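Quick notes on the structure that follows.
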Amino acid sequence: MQSVMSCFQKETTKFRNTVNEMLGRGKTAKGLQLWVCYYLSSKLLAQSDHANPRRPTPAIKTKQKL
Numbered sequence: 001m002q003s004v005m006s007c008f009q010k011e012t013t014k015f016r017n018t019v020n021e022m023l024g025r026g027k028t029a030k031g032l033q034l035w036v037c038y039y040l041s042s043k044l045l046a047q048s049d050h051a052n053p054r055r056p057t058p059a060i061k062t063k064q065k066l
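Right under this line is the structure:
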């Protein structure tokens, strides 16, 4: 549990720093919102891949169909 918390804190700090940096560069609220959505979805996809490596993610399936 300790390692999970430290990993979470590291990710949170990295995330906060990036958001502050983007705001400092004059990023718009809409651009920041899109980035946050992208960041969180990529993290969630990475975790689901790691937890269940044999199961292809829906995002990959839809890309292959196109």
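Numbering (the UniProt record's numbering), first residue to last: 1 to 66. Just so you know, even glycine gets a beta-carbon here, dropped at the ideal spot from N, CA and C. All of these numbers come straight from a predicted model, not from anything done at the bench.
Assumed close pair residue 39, residue 8 - CB separation to whole angstroms, cut-off 8 Å: Not confirmed; about 14 Å, so no contact.
When you compare the CB positions of residue 22 and residue 34, do they come within less than 8 Å of one another, or not? no
Can you tell me the Cα-Cα spacing of residue 19 and residue 44, whole angstroms? 18 Å
Boundaries (first-last residue) of the alpha helix (DSSP H) holding residue 16: 2-24
Excluding the 5 residues preceding and the 5 following residue 27 in the sequence, name in chain order all residues of the same chain whose CB lies nearer than 8 Å to its CB. 35
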